[in-house]
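Enquirer:
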Amino acid sequence: MKTTPNKSAFIPKMYCNLFGHNFKVTKQVTYHVKEYTCSHCKKQLTTNSNGNLTELTPKFKEINAILERIHHSRMERRQRQHIAPSLY
Ligand SMILES: [Zn+2]
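For the sequence shown, this note's numbering gives the first residue as 9, with consecutive numbering after it.
#1: How is K21 classed by DSSP in three states: helix, strand or coil?
#2: Sort out for me which residues DSSP pairs E63 with in a bridge.
#3: Spell out the partners DSSP gives T34 in its beta bridges.
#4: Compute the Euclidean distance between the alpha carbons of G59 and T38, then round it to the nearest angstrom.
#5: Just list the residues that DSSP pairs E43 with in beta bridges.
#6: Using the rule of at least 16 other Cβ atoms within 10 Å of the residue's Cβ for burial, across every protein chain shown, is L26 buried or exposed?
#7: Could you check what DSSP says for H48 in three-state terms: helix, strand or coil?
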C-alpha cells in the first residue's frame, strides 16, 4: 500500500470525528473564561456567559478581549495595593 503524505492534512478532522476533539486551554481570559483550541483540527471554543462551551466566533473574541482587559486591570490594581505598603 502506497502512503500519500499530502493526505495527512485530512487526518486531524477525521480523527476528531472518530474520537472527539482534543481541546487545550490556549488563553485564560478570566478566572472563569478560557479559550480552547483543538490540537488536531484547530477548532476554537470559549466559555460563554452561562459557563458553557461555545464556538469562538469573532463576536466572542471581542467579548473576551474586553473581559481580559478588565481582568488584567483588576489584577494590576490588586498587585499595586499589595506592593504599596512596603513603599512606606
Ligand atoms: Zn478537533
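Where is the CB? At the ideal position from N, CA and C, for every residue including glycine.
Expert: Judging by the given coordinates:
#1: helix
#2: L53
#3: Partner(s): none; T34 has no beta bridge.
#4: 12 angstroms
#5: K35 and T54
#6: exposed
#7: coil
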